[in-house]
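What follows is a set of notes on a single structure, which appears directly below.
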């Protein structure tokens, strides 16, 4: 019977986290279509922000040359 409670708790935690991944799927797809990649909090070196995938994730694109315009939006 104790296993049943544990199984129910694990199932609840798994189902609770699923909507967090689907809320930003459209913006993530747009980011990928525009040549970007989603990163948490900040863009890595040699990349620049082109938009947001989610409120907590940035859409970043690699700098292909010495010059780039950082005013693109996703």
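Residue numbers (UniProt numbering): 1 to 74. Don't be surprised by glycine CBs; every beta carbon is placed ideally from N, CA and C.
- Here the alpha carbons of residue 8 and residue 36 stand approximately 39 Å from one another.
- For residue 57, the enclosing beta strand (DSSP E) starts and ends at 57-62.
- Under DSSP, residue 49 shares a beta bridge with 60.
- Counting the other Cβ atoms within 10 Å of the Cβ of residue 6 gives fewer than 16, which makes it exposed.
- Burial check for residue 62: the Cβ neighbour count within 10 Å stays below 16, so the residue is exposed.
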